[in-house]
Amino acid sequence: MNKIWQFASYNLLALFSPAVGQEHWHCDMKRGFTKARKKELQVKALLEQDTPWQKIGLLAQKGVYEFHRDTQLLDSSDGIERVAEIIQLNQESIEVQNRVTHSLENYRKSPILVGKNIIKLSRGDEGFPEPILIQHGNYLFNFYAAIDCIFLEPDGRLHILDLKTGKSEFDRRQGFIYLLAARYLYPQQLAIASFYNLETCHWSDPITATSVQLDAMRMELARISQQHQRDLWRYRQNPADFATIFPPNPGPSCQYCQFNSICQFSTFEVSA
Ligand code: SF4
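When we follow my numbering, the leftmost residue of the sequence shown carries the number 1, and every step to the right adds one.
Right, dumping it as structure tokens:
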């Protein structure tokens, strides 16, 4: 069978269209850098560097994983220091250290997964999950959904939990993406999804989806996957059209954009 290059994921969806309330941060050119120009040396180097907020999310999740790999760490007086050592937190910036330590302290005070029937808990750095092959009409694409945690509710439903850090609002579409993945991976079981922020300790209401809603999400993923392939093709045909195919949206988001040092449209001055 030929390799399937077409794909879709929450990451692609978020690069395509912003979550509600995030419109002012959205810039399609980031999708261009991330997907169309990812092999260029400068872009590749930037993509390989995790941003501070990516590091905070990853290390906080690793911390939760370590707490559950050895649950004695949750009760031990030096549990946080030991987890910090395992995840090599001292190699990070002070901001990252402080925020991850705060997340670990929060988690030790309120270890929400203790007593749960955990089916899967990811460390967060496992790389790409196995793709789910989806056929939508004649269009075939790989669907990727990296799931942080799945546990079983007492009533037998699967609960897909996404661990968050930072201030951004939960994106309901991501919950639907997880539920769509669950429909393929665990077709016999009902599932719900939720988000838990390790920094604020806020747990979202559970998200459920009807079959019609999941079909709509599958259709949307097929649509953006096709559109994305068309955009990549157009870019390969004519790289000079980069800014037309992936229009920039210069503004406040440039300050936090990982491409601001190489983007000619950036409004943020990067110090040398
Ligand atoms: S620096 Fe600004 S305009 Fe350029 S890609 Fe980033 S957000 Fe878009």
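All C-beta atoms in this analysis are idealised placements derived from N, C-alpha and C, irrespective of residue type, glycine included.
Taking residue i as the reference, give the member of the options with the closest Cα.
i, options, result
"Asp148", "Gly32, Tyr256, Ala60 and Phe268", "Ala60"
"Ile118", "Gly124, Asp78, Arg69 and Leu133", "Arg69"
"Ile132", "Pro154, Ile4 and Gln264", "Ile4"
"Gln54", "Lys167, Pro111, Gly32 and Gln174", "Lys167"
"Arg236", "Phe16, Asp28, Lys30 and Ala36", "Ala36"
"Ser253", "His202, Ser204, Trp25 and Glu92", "Trp25"
"Ala193", "Arg183, Phe176 and Leu185", "Phe176"
"Ser17", "Lys38, Ser122 and Arg31", "Arg31"
"Arg108", "Glu220, Ser211, Ala216 and Leu73", "Leu73"
"Gly156", "Ser110, Tyr186 and Ser93", "Tyr186"
"Leu89", "Gly63, Ala181 and Gln226", "Gly63"
"Phe246", "Phe33, Gly21 and Lys120", "Phe33"
"Lys120", "Phe141, Pro250 and Leu152", "Leu152"
"Arg218", "Ala19, Phe265 and Gln174", "Gln174"
"Asp241", "Arg82, Met29, Gly21 and Leu13", "Met29"
"Pro280", "Glu23, Pro239 and Ala191", "Because the chain in this structure spans residues 1 to 272, residue 280 falls outside the shown range and cannot be described."
"Ser211", "Ser204, His228, Leu179 and Ile262", "Leu179"
"Leu113", "Ala45, Gln226, Lys44 and Cys201", "Cys201"
Is residue i near the ligand SF4, judged by its Cβ being under 7 Å from some heavy atom?
i, result
"Phe242", "no"
"Pro52", "no"
"Asn238", "no"
"Phe16", "no"
"Cys27", "yes"
"Cys257", "yes"
"Ala11", "Looking at the sequence shown, residue 11 is not Ala but Asn. Checking every heavy atom of the ligand SF4 against the Cβ of Asn11, none is found closer than 7 Å."
"Ser253", "yes"
"Pro111", "no"
"Lys30", "yes"
"Pro154", "no"
Secondary structure at residue i, three-state DSSP: helix, strand or coil?
i, result
"Cys254", "helix"
"Lys44", "helix"
"Lys164", "strand"
"Ala8", "strand"
"His26", "coil"
"Glu98", "Checking the displayed sequence, the identity of residue 98 turns out to be Asn instead of Glu. In this structure, Asn98 counts as helix in the three-state DSSP scheme."
"Lys3", "coil"
"Ile150", "strand"
"Gln174", "helix"
"Phe33", "helix"
Does the Cβ-Cβ distance between residue i and residue j come in under 8 Å?
i, j, result
"Leu158", "Gln188", "no"
"Thr244", "Leu198", "no"
"Phe268", "Gln255", "yes"
"Leu122", "Tyr65", "The sequence shown places Ser at residue 122, not Leu. Yes, the pair counts as a contact, with Cβ atoms nearer than the cut-off."
"Ile80", "Thr51", "no"
"Phe128", "Tyr144", "yes"
"Asp231", "Phe195", "no"
Report task. Enumerate, from N- to C-terminal direction, the unbroken alpha helix (DSSP H) stretches of 4 or more residues contained entirely within the region 214 to 270. Result -> If we require 4 residues or more, the alpha helix (DSSP H) runs fully inside the region 214 to 270 come out as 242 to 245.
Query raised in the report: Considering only residues of the region 176 to 220, which uninterrupted beta strand (DSSP E) runs meet the minimum length of 3 residues and lie entirely inside it, listed in chain order?
Result: Within the region 176 to 220, the complete beta strand (DSSP E) runs of at least 3 residues are 191 to 197.
**Report entry** Continuous beta strand (DSSP E) assignments of at least 3 residues falling wholly in the region 52 to 126
**Finding:** Within the region 52 to 126, the complete beta strand (DSSP E) runs of at least 3 residues are 117 to 121.
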